[in-house]
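A.B. asks:
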Amino acid sequence: MATAEARPDPPAGVRRPRSARGRARWTNQLLAEEYPGVVCELDHSNAFELLAATILSAQCTDARVNMVTPTLFRRYPTPADLAGADPEELEEIIHSTGFFRSKARSLIGMANALEDRFGGEVPSAMKDLVEIPGVGRKTANVVRCVALGLPGLPVDTHVLRLSRLLELTTETDPVKVELELNPMVPADERGEFSMRMILHGRRVCFARRPQCAECVLAWFCPSVSL
DNA sequence: ATCCCGAGGG
DNA sequence: CCCTCTGGAT
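Residues 10 to 235 in the working numbering are what the first sequence spells out, letter by letter.
1) Classify ALA11: buried if its beta carbon has 16 or more other beta carbons within 10 angstroms, exposed otherwise.
2) Could you give the distance in angstroms between the alpha-carbon of ALA92 and the alpha-carbon of PRO195?
3) Using C-beta distances below 7 Å, list every residue in its chain close to ARG32, excluding the 5 sequence neighbours before and after it, in chain order.
4) Residues in its own chain within less than 6 Å of PRO115 by CB, not counting five upstream and five downstream?
5) Can you list, in chain order, the residues of its chain whose CB lies under 6 Å from that of GLU50, leaving out five sequence neighbours each side?
6) Using only alpha-carbon positions, find the residue among GLY200, THR166 and ALA120 that is nearest to LEU60.
7) Using three-state DSSP, classify ASP90 as helix, strand or coil.
8) DSSP three-state label for PRO142, please.
9) Name the residue from CYS154, ARG170 and VAL184 whose alpha carbon lies nearest to the alpha carbon of ALA216.
10) Can you find at least 3 beta carbon pairs, one from the stretch 94-102 and one from the stretch 122-137, that sit closer than 8 Å?
11) VAL23 to GLN38, Cα distance in whole Å?
12) Secondary structure at ASP137, three-state DSSP: helix, strand or coil?
13) Near ARG153, which residues of its chain fall below 6 Å by C-beta distance, leaving aside the five closest residues on each side in sequence?
14) Cutting at 6 Å between CB atoms, please list the residues of its own chain near SER232, excluding the five before and the five after it.
15) Whose CA, out of THR78, ILE117, ARG30 and GLN68, lies closest to the CA of ASP52?
16) Three-state secondary structure (DSSP) at VAL151?
17) What does the Cβ neighbour count give for ALA227, buried or exposed, with the cut at 16 atoms within 10 Å?
18) Looking at the unbroken alpha helix (DSSP H) that takes in ALA41, where does it start and where does it end?
19) In whole angstroms, give me the CA-to-CA distance for VAL155 and GLY200.
20) Quick check on the DSSP output: the alpha helix (DSSP H) that includes ASN75 runs from which residue to which?
21) With a 10 Å radius around its C-beta and 16 neighbouring C-beta atoms as the bar for buried, classify ALA122 as buried or exposed.
22) Below 8 Å on the Cβ atoms is my guess for CYS221 versus LEU208; work out the distance and round it to an integer in Å.
23) May I have the straight-line CA-CA distance separating VAL47 from GLY118, to the nearest angstrom?
24) Can you tell me which of ALA41, ALA89 and GLN68 puts its alpha carbon nearest to the alpha carbon of GLU58?
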């Protein structure tokens, strides 16, 4: 009763989508118009560097990560170099990104895994990526779609929240959300879809007070409040 | 205060 | 499922 039909009208001649797939299609199309040319903002020149940068990006801005990675990559250019890093020296380099002890442990563990189990290369299979210390599903998908050119739909806190608000899914587990979204987004658009959802989550659809009046998705968003 | 593209452990 | 890990920007 309190939230009944406070929804804007659809564009002229357009039917409000009634299925999750239909809402996903409109979401993908409208966010592509809203945020064209979206790119990964973590500076890197290969998959190993992107993997390290993504591990550092947890609870930290990309800009901050980009301030430490030049020093990091100069000091440890290869997985072999990073595998033999002195933890304290590494912690000092990455200190300003936060969580520096656990991130240092993850980075060294990651480099050792690459050396010991993957011939010094970043593996491409999801199954292998998530075995690497410090690499979860989200990080694995970032590396897959950005550095390896493989299908990947990173589901972070924003993608999860927006997907549920838009009722593209009813799942609460990020892995289930990813698997449910996959067939709704063309394989070669999943990475950009994810990055645009994240941008929209940061700029418009805030967790606390979503700016529905500014949102291009409001005309079909089941959770809109105006 | 709240946010920043999480992951591991109990 | 909760907790912890952590610094910087606004």
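Quick reminder that beta carbons are idealized off the backbone N, C-alpha and C, glycines included.
C.D. replies: The answer reads as follows:
1) If you number the first sequence from 1, residue 11 lands on position 2. For ALA11, the predicted model reports a pLDDT of 49, less than 50, meaning its position is unreliable and no value from the coordinates is stated.
2) Counted from its first residue, the first sequence places residue 92 at position 83. Counted from its first residue, the first sequence places residue 195 at position 186. Those two C-alpha atoms are separated by around 37 Å.
3) As a working mapping, residue 32 is identified with position 23 in the first sequence. Excluding residues within five positions, the ones whose Cβ falls inside 7 Å are PRO26, LEU175, GLU176, LEU177 and PHE229.
4) Position 106 of the first sequence, counted from the first residue, corresponds to residue 115. First, the amino acid is wrong: residue 115 is Ser here, not Pro. Here the set comprises ILE64, PRO142 and GLY143.
5) Position 41 of the first sequence holds residue 50. ASP71, listed in sequence order.
6) The residue given as residue 60 occupies position 51 in the first sequence. Of the candidates GLY200, THR166 and ALA120, the one whose C-alpha sits nearest the C-alpha of LEU60 is ALA120.
7) Along the first sequence, read from residue 1 onward, the residue named residue 90 stands at position 81. DSSP places ASP90 in helix when its eight states are reduced to three.
8) Along the first sequence, read from residue 1 onward, the residue named residue 142 stands at position 133. Three-state result, PRO142: coil.
9) Counted from its first residue, the first sequence places residue 216 at position 207. The shortest Cα separation from ALA216 among CYS154, ARG170 and VAL184 belongs to ARG170.
10) no
11) As a first step, residue 23 must be located in the first sequence, where it is residue number 14. As a first step, residue 38 must be located in the first sequence, where it is residue number 29. Approximately 14 Å between the Cα atoms of the pair.
12) On the first sequence, residue 137 is found 128 positions in, with the first residue counted as 1. It is helical.
13) Residue numbering aside, residue 153 sits at position 144 when the first sequence is read from its first letter. Excluding residues within five positions, the ones whose Cβ falls inside 6 Å are LEU159 and GLY161.
14) Position 223 of the first sequence holds residue 232. Around SER232: LEU174.
15) Position 43 of the first sequence, counted from the first residue, corresponds to residue 52. ASP52 has its Cα closest to that of THR78, out of THR78, ILE117, ARG30 and GLN68.
16) The residue labelled residue 151 in the question sits at position 142 within the first sequence. The answer is helix: DSSP assigns VAL151 an H, G or I state.
17) On the first sequence, position 218 is the one that residue 227 refers to. So ALA227 counts as buried.
18) If you number the first sequence from 1, residue 41 lands on position 32. First-last of the alpha helix (DSSP H) with ALA41: 29-43.
19) Within the first sequence, residue 155 is the residue found at index 146, counting from 1. Within the first sequence, residue 200 is the residue found at index 191, counting from 1. One C-alpha to the other measures close to 7 Å.
20) In the first sequence, residue 75 corresponds to position 66, counting from 1. Start and end: 71-84.
21) Residue numbering aside, residue 122 sits at position 113 when the first sequence is read from its first letter. Burial call: buried.
22) One-based indexing of the first sequence puts residue 221 at position 212. One-based indexing of the first sequence puts residue 208 at position 199. At roughly 17 Å, the Cβ-Cβ gap does not stay under 8 Å, so CYS221 and LEU208 are not in contact.
23) Position 38 of the first sequence holds residue 47. Position 109 of the first sequence holds residue 118. Going from the Cα of VAL47 to the Cα of GLY118 covers about 31 Å.
24) The residue labelled residue 58 in the question sits at position 49 within the first sequence. Checked all of ALA41, ALA89 and GLN68; the closest Cα to GLU58 is ALA89.
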